[in-house]
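Here's the structure, in structure tokens; my notes come after.
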Amino acid sequence: MGASLPAAASAPDQAKTQTPPPQPLWGSKTASPSYSQLLRDLRAGKVSELELSPLRREVQVSYRDGKRAQVSVFSNDQQLLQTAEQAKVPLSVRDDRQDGAVASLVANGLLVLLLLLGLGLLLRRSAQVANRAMGFGRSQPRLQEERATPVHFEDVAGIAEAKEELQEVVTFLKSPERYTAVGAKIPKGVLLVGPPGTGKTLLARAIAGEAGVPFFSMAASEFVELFVGVGASRVRDLFRKAKAKAPCIIFIDEIDAVGRQRGAGIGGGNDEREQTLNQLLTEMDGFEDNGGVILLAATNRPDVLDAALMRPGRFDRRITVDLPDRRGREEILAVHARSRPLAGTVNLSDWAARTPGFSGADLANLLNEAAILTARRQQQQIDDAALTDALERITMGLTAAPLQDSAKKRLIAYHEIGHALVTTLMPAADQLDKVTLLPRAGGVGGFARTLPDEETLDSGLITRAFLKARLVVALAGRAAELVVFGPSEVTQGAAGDLDLVARICREMVTRYGFSSLGPVALEADGGEVFLGRDWLRQDPHYSKQTGNRIDAQVRQLAQNALDQAVSLLRPRRALLDLLVERLIVEETIEGDAFRALVQQVEAQHQPFPVTSPSA
Ligand code: ADP
Ligand code: MG
Ligand code: ZN
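First residue of the sequence shown? That's 2 in this note's numbering, and the numbers climb one at a time after it.
See the structure below:
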């Protein structure tokens, strides 16, 4: 160890600075004199014996009074030797090469030990990292049971239909015997579809709160990782965990993050996402019926979802969560007002009327902003002034305040009522589900939605009459605009409808043989129309003349449909106006209410239904 000791500083220096000389690692316990003190002691004859250890560069001093000390010296210290000789002090030299050997051995040993220790630590660390990498596949689904504040169905307002359908899921989870006893199959997958902020996530949480079963919740984006295959193994892991806890619910939020159409896009898709989706599909097929695991998913982009997800046996139940209508908004406001002190003068129904197009999240935000303003003004209760300012703040952030412009609103109303009325008047058409002025997810304006006919859906067979009726319904929006505003005031709002009409007409003529061109398939099944695939479509196998005739037929079909729609609507101008007024006030009319209204008015004139779709 001697080597590690610093060489003693020059004697006078040490004396001046009074710093204690470096202590040897193993020495006597007595305080060591300084080098110069040692020389003085030697000359004064106080020292009886000296033992020099050259390798350790120190000298063991034995005093006459019995004390012993160690003093650091230079390795080849002439002065000490001379002084000792002059003072006639016996001086022996110790061969401590063995000491040194031991010391260096110990030192080396320690070094090796240190290295080993460091290496061990490093290995442990990298093992941990590796472990984590291997464990990537393990999902960390949040078990919703542990939530401190469970959400219940009464916290979700304004989306009664969706709530009702989900109630059934809860009933199944609570008492599955009721269903299994009568051989009822329980949906495996329920897909919640709707614009952002309408309460899809909230609904899912409410189910967890109501059902009282384990609830595994994950955002789909959590599946997708940097490494290919990780998402797939997460899906596997999630389902494994869930099956062990059945009956239970798995909730995958924003499923479009993994459920996008595969094989779309040019130059290959996202391998990782495709693998994840494939695994999800495999797992969904894997669990047996009535296994007690229900998969719940939410998205606001149903249009981009892979068709395979929608097949029976997967997400076989689709629940639409629309923007709330006026009454719905009032209910939602009431839910969020429960925890906030509202002034007695505030009329929630007025506020519902002032917030068309607002989602549940927007309404919650409105009340929250108002509460913040109230606190800032040091008031105790949220009043109309605070709400007014809050509304201003919120709508400033919105790109277009929906449905504020009443002329545009009226136009949209006539268009949609046109669709809805013709649907109701045509027996061959689908049943009207609802007509609304509230925009669909990602769209502008309202929509009229039909419920697909169960029989058609099951058999997959479509009749000629049904397709013709669909054409008439699709063109009824344009027809209503024509009837009410005249040919020069029609809008481009029907562009989507015309697109649909063109597609249906073309398929009728070229694939189904529903036209005077006869029972010939002129075009092969084009498959799913999608970017990249469309490019590969081959040229048609018919002559130019036939092509012209196809075009003429297509145009004929569309024109006939438009004429029929106009002829249905023109004699019912009064009914149209009445329905539009109602729609503008209520924003949404449900199918049943709509049919009742129509029937009531029609009964005064002629028996209902009026027209049958005769070819
Ligand atoms: P989504 O998942 O459909 O985008 P969320 O469920 O996340 O919407 O809704 C966000 C918030 O908005 C909810 O936490 C809730 O406070 C409020 N909210 C949305 N819809 C409703 C509703 N129908 N009833 C009550 N509150 C709602
Ligand atoms: Mg959500
Ligand atoms: Zn339309």
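Here a beta-carbon is modelled for each residue, glycine too, at the ideal position from N, C-alpha and C.
It should be emphasised that the depicted structure is a prediction, and the values quoted were computed from it without experimental measurement.
- Each of 235, 163 and 186 was checked against the Cα of residue 208, and the nearest Cα belongs to 163.
- Contact between residue 195 and residue 301 holds, with the beta-carbon distance rounding to 6 Å and staying under 8 Å.
- Ordered by chain, the residues meeting the criterion of a beta-carbon within less than 6 Å of a non-hydrogen atom of the ligand MG are 201, 202, 254 and 299.
- Given a length threshold of 4 residues, each whole run of the alpha helix (DSSP H) inside the stretch 404-488 is given here in chain order: 407-426, 455-460 and 465-486.
- Not one heavy atom of the ligand ADP is found less than 7 Å from the C-beta of residue 491.
- Its chain contains 92 as the residues whose beta carbon lies nearer than 8 Å to that of residue 86, once the 5 sequence neighbours on both sides are disregarded; these appear in chain order.
- The three-state secondary structure of residue 64, taken from DSSP, is strand.
- Classified as exposed, residue 407 has fewer than 16 neighbouring CB atoms from the shown chains inside 10 Å of its CB.
- Beta-bridge pairing by DSSP links residue 593 to no other residue.
- Cβ contact annotation for residue 236 (same chain, cutoff 8 Å, sequence separation greater than five): 140, 224, 277, 280, 281 and 284, in chain order.
- The continuous stretches of alpha helix (DSSP H) do not include residue 321, which lies in the beta strand (DSSP E) extending over residues 318-321.
- In this structure, residue 230 has its CB at a distance of at least 7 Å from all heavy atoms of the ligand ZN.
- By the C-beta density criterion, residue 80 is exposed, having fewer than 16 other C-beta atoms within 10 angstroms.
- Counting along the chain, the unbroken beta strand (DSSP E) around residue 300 starts and ends at 294-300.
- A residue is listed when its beta-carbon falls short of 5 Å from at least one non-hydrogen atom of the ligand ZN; in chain order these are 478 and 498.
- Here the distance from the Cβ of residue 157 to the nearest heavy atom of the ligand ADP is below 7 Å.
- The three-state secondary structure of residue 240, taken from DSSP, is helix.
- Residue 304 is classed as exposed because its beta carbon has fewer than 16 other beta carbons within 10 Å across all chains shown.
- A check of alpha carbon separations from residue 468 across 119, 503 and 123 identifies 503 as the nearest.
- Taking 7 Å as the cut-off, one finds no heavy atom of the ligand ADP near enough to the beta carbon of residue 293.
- DSSP places residue 343 within a strand segment (E or B) once states are collapsed to three.
- The Cβ-Cβ distance between residue 247 and residue 217 does not fall below 8 Å.
- Shown here, residue 212 sits in a helix according to DSSP, grouped into three states.
- Under a 10 Å Cβ-count criterion, residue 213 is classified as exposed, with fewer than 16 other Cβ atoms of the shown protein chains found around its own Cβ.
- A distance below 8 Å separates the beta carbons of residue 44 and residue 88.
- Between residue 206 and residue 152, the alpha-carbon positions lie close to 6 Å from each other.
- For residue 69, the enclosing beta strand (DSSP E) covers residues 69-73.
- Contact check for residue 419 and residue 570: beta-carbon distance about 6 Å, within the 8 Å limit, so the pair qualifies.
- In summary, residue 102 is exposed, with fewer than 16 beta-carbon neighbours lying within 10 Å of its beta-carbon over all protein chains present.
- With respect to the 8 Å criterion, residue 94 and residue 55 are classified as neighbours on the basis of their beta carbons.
- Distance from residue 123 to residue 90 at the Cβ level is roughly 55 Å; contact not present, criterion being Cβ atoms closer than 8 Å.
- In this structure, 416 is the residue among 508, 159 and 416 with its C-alpha nearest to the C-alpha of residue 483.
- Under the three-state reduction of DSSP output, residue 494 falls in the helix class.
- Classified as exposed, residue 116 has fewer than 16 neighbouring CB atoms from the shown chains inside 10 Å of its CB.
- Between the alpha carbons of residue 293 and residue 250 lies a gap of roughly 8 Å.
- With a threshold of 7 Å, the Cβ atom of residue 195 counts as near the ligand ADP, since some heavy atom of the ligand is closer than that.
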